[in-house]
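Student:
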Amino acid sequence: MKAVERKSDLNKRNSQDKNKHYSVNKTIKVDSGSGRLMTGITSAFLLYMLVIYPLALHDHYFDITYTKYTVFKVGMILFAVIWAMGLVIVLTGINAGGMKGRHAGGNVKVGTMDKLKAVICDGVYGTDICMVLFFISGVMSFIMAEDKKNAFTGAQGRYCGLAFMILIFIMYIIVSARVSNMEKMWSLISMVFVLVSSVTFIIAILQNIGFDPFKLLDGINRKQRNIYVSTFGNIDIFGSFICIALPLFMGLYVTEKSNIKRIVYGIGVFAGFMAFIPANADVVFAGVGATVIAVLFATVYMERVDRLFELVMLGSGGYLGMVLLRMLVGTNGAKITGFNRLAEHPALLVIIFAVVLFIRLIIQVYINRNKTEIYINENKSEVYINKQKNGTGIKLIIALAVVLISGIAVIIYGRKNNLAMFDFNDKWGSYRGYIWRRVTGLYGELPFVQKIFGHGNESIRSLMDDRFYDEMLQVTGTVYDNAHNEYLQYLVTQGLLGMLSYVGVVGTAVITGVKKIKKSPYILGLLLAVISYGVQAIFNVNQCITTPYMFLMTAMLIGMCRRATEE
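The working numbering puts the first residue of the sequence shown at 26, with every later residue one more than the last.
#1: Where do the N-terminal and C-terminal ends of the alpha helix (DSSP H) with Leu333 fall, by residue?
#2: Count the other CB atoms within 10 Å of the CB of Arg247; is the residue buried (16 or more) or exposed (fewer)?
#3: Ends of the alpha helix (DSSP H) at Met489?
#4: Can you list, in chain order, the residues of its chain with a C-beta nearer than 6 Å to that of Thr280? Leave out the 5 residues immediately preceding and following it.
#5: In whole angstroms, what separates the C-alpha of Asn482 from that of Val164?
#6: Between the Cα of Ile107 and the Cα atoms of Asp84, Ser201, Phe70 and His83, which residue gives the shortest distance?
#7: Name the DSSP beta bridge partners of Gly258, please?
#8: Give the straight-line distance between the Cα atoms of Thr579 and Arg463, rounded to the nearest whole angstrom.
#9: In the DSSP assignment, the alpha helix (DSSP H) including Phe177 goes from what residue to what residue?
#10: Taking the alpha-carbon of His15 as reference, which of Ile433, Leu467 and Val219 has the nearest alpha-carbon?
#11: Can you tell me which of Tyr197, Ala188 and Asp153 puts its alpha carbon nearest to the alpha carbon of Ser166?
#12: Would you kindly work out how many angstroms separate the C-alpha atoms of Thr362 and Leu112, rounded to a whole number?
#13: Contact check, Gln232 vs Asp506 under 8 Å by CB: the rounded distance?
#14: State the Cα-Cα distance for the pair Met352 and Gly343, rounded to the nearest angstrom.
#15: Expressed to the nearest angstrom, what Euclidean distance is found between the alpha-carbon atoms of Lys54 and Val115?
#16: Using only alpha-carbon positions, find the residue among Gly358, Thr501 and Ala534 that is nearest to Gly584.
#17: Once DSSP output is grouped into helix, strand and coil, what is the label at Pro472?
#18: Considering only residues of the same chain and omitting the five flanking positions on each side of Thr608, which have a CB-CB separation below 8 Å?
#19: In three-state DSSP terms, what is Ile199?
#20: In whole angstroms, give me the CA-to-CA distance for Gly122 and Thr64.
#21: For Phe104, count neighbouring Cβ atoms within 10 angstroms of its own Cβ and tell me buried if that reaches 16, exposed if not.
#22: Only counting the same chain, and skipping five residues up and downstream in sequence, which positions put a Cβ closer than 6 Å to that of Gly276?
#23: Name the residue from Ser341, Ile302 and Leu374 whose alpha carbon lies nearest to the alpha carbon of Gly358.
#24: Along the chain, where does the alpha helix (DSSP H) that runs through Met74 open and close?
#25: Using the C-alpha atoms, what's the distance from Val294 back to Leu321?
#26: Are there three or more Cβ pairs, one per stretch, closer than 8 Å when the region 283-294 is compared with the region 247-267?
#27: Can you say whether Gly186 is buried or exposed, counting buried as having 16 or more other CB atoms within 10 angstroms of its CB?
#28: What does the Cβ neighbour count give for Tyr574, buried or exposed, with the cut at 16 atoms within 10 Å?
#29: Sorted by chain position, which residues of the same chain lie with C-beta nearer than 7 Å to Asn305's C-beta, five sequence neighbours on each side aside?
#30: DSSP on Leu577, reduced to helix/strand/coil?
#31: Classify Asp56 as helix, strand or coil using the three-state DSSP reduction.
#32: Helix, strand or coil: which one does DSSP assign to Asp506?
#33: Would you check if there are 3 or more beta carbon pairs closer than 8 Å linking the region 235-250 to the region 507-524?
#34: Skipping 5 residues on each side, what residues in its chain have a beta carbon closer than 8 Å to that of Val217?
#35: For Gly497 and Ile460, I'd like the C-alpha separation in whole angstroms.
#36: Sort Ser255, Ala229 and Cys155 by Cα distance to Gly532 and report the nearest one.
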């Protein structure tokens, strides 16, 4: 009797195990089918943002801010609608694998939560929480605003009102969830982005040496032509784009195994550094400078210091190439300022390039002499690997010393050459000193509730007009609608909650990326893009042209990290 019971129990367990097996297969199939569908939708949006959006123009530079905002808004709304339709398809049981209804083969149940997990990854990151808080701060800022119409549209400023906040919040939620299954597509998309970015760099380069092939500067006052460039308009905005694209390419160059792809990324890096001079904005040196420091530590940690020196060679070579091109062909008459005055010393650039090349050759010799040696005994039963300890800790200390010495050298160079960046006053940073002081004072005068939730989306213009209109015109000759510091901007417009949550978005994304840096070859590039933008944001404006890229790169970074966690 006991033997019969054991056989019965065994049959029951086999039946249960069999059902579990079919259920697992079903879940995998649902994940695969819905994953392909939703990944395809997200890939289409990324192509839209990285191919069409950078090149979008309407009436040259005259309506570029509104045009870019409209292109982003329309694309984002279409993406959200299509994504929602895809979600409905998945949840109602129709997926890319061709299965429909609650059962496959009539005996396998597929729950709604299983389908939902196929679309939205498990787990919540600190960046997700900070992004929710940042969105809430935008809503609260709208409630605090006196001018509700402007607070919603952001028309008085750079179209970063509540409507913009809604768009970037939806974009973050969708992209950070679904991007985690699209590494192969991202490899292709990133290559295309290199080509498109290089086109924008080349347009800027041609304009800087006196050629305007698309007549973008037609109708612009000659005195103002120097501040408009490429397909992004203002030089600071173009510089902001460089601080997104160039670090991304640098990171991909470091981690890429394919020589062909690495050559493509190298072309993007070379062209990006050539665009430094046309951008003529110190924000580029701030953002990319932070990137180089991050790459230094990353390559030491990943034991790829050779790639760092290759990047420095490409960068210094690109910058030197632009200097020589200007000497041979001529310029558009634009005066170079700030750190770009380095271009006035081509001999120094040649020396830098030669020194870096020499160091790179030494590193190659070292690599060749210290390759991992593998020994296999006669019967091939054991394998011995002879590999020296890498001493990563010592290398990181050396890297830190290099950073400190380089920082001191930059300060000495700046003071010796009387660069305005090292003399803080109202004129500092093209009057950033003036606007920062005034904005900080305005925040101190806000009521307590507005100190927490802000005075209203895009409300800097109204605050400055009410208090300092005549003074602005007298001191700076212009009217300010932005704090020219994203963190100060959010502090006043969205309060302490907005500023801290924005810092949290950047900070937690960086921390997460650092922890997962070896898990995916695409994490480093996205991480560098976020770091670079976060640094240049100290000196630049938030706007609807390049700010979406910051949230897009952050969303993709978190998505890639989710994928790394799942694996």
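No residue lacks a Cβ here, since even glycine has one placed at the ideal position from N, Cα and C.
Tutor: Walking through what the data contain:
#1: Val330 to Val354
#2: exposed
#3: Ile485 to Val500
#4: Correct list, in chain order: Pro546 and Leu549.
#5: When rounded, the distance between both Cα atoms is 9 Å.
#6: Phe70
#7: Val254
#8: 31 Å
#9: Lys173 to Thr178
#10: Within the shown structure, residues of the chain are numbered from 26 to 592, placing residue 15 beyond reach of any answer.
#11: Ala188
#12: 51 Å
#13: Actually they do not touch by this definition, with Cβ atoms about 26 Å apart.
#14: 14 Å
#15: Its pLDDT being 43, under 50, Lys54 is placed unreliably in this model, and the coordinates cannot settle the point.
#16: Of the candidates Gly358, Thr501 and Ala534, Ala534 places its Cα closest to the Cα of Gly584.
#17: coil
#18: Residue 608 lies beyond the stretch modelled for the chain, which goes from 26 to 592, so this question has no answer here.
#19: helix
#20: Residue placement at Gly122 cannot be trusted, given a pLDDT of 47 that sits under 50; what the coordinates show is reported in the next sentence. Approximately 14 Å, taken between the alpha carbons.
#21: buried
#22: Apart from the 5 residues on each side of it in sequence, Gly276 sits with its Cβ closer than 6 Å to the Cβ of Leu549, Gly550 and Leu553 in its chain, given in chain order.
#23: Ile302
#24: No alpha helix (DSSP H) contains Met74, which DSSP labels as neither H nor E.
#25: Here the alpha carbon of Leu321 sits roughly 16 Å from the alpha carbon of Val294.
#26: no
#27: buried
#28: By the neighbour-count criterion, in which 16 or more other beta carbons inside 10 Å mark a residue as buried, Tyr574 falls on the buried side.
#29: Ile260, Ala359, Ile361, Thr362 and Asn365
#30: helix
#31: With a pLDDT of 48 at Asp56, under the threshold of 50, the modelled position of this residue cannot be trusted, and the question is left open.
#32: coil
#33: The region 235-250 vs the region 507-524: no contact.
#34: Leu72, Leu75 and Val76
#35: In the sequence as displayed, the identity of residue 497 is Met instead of Gly. C-alpha separation (whole angstroms): 9 Å.
#36: Taking only the C-alpha atoms, the option nearest Gly532 is Cys155.
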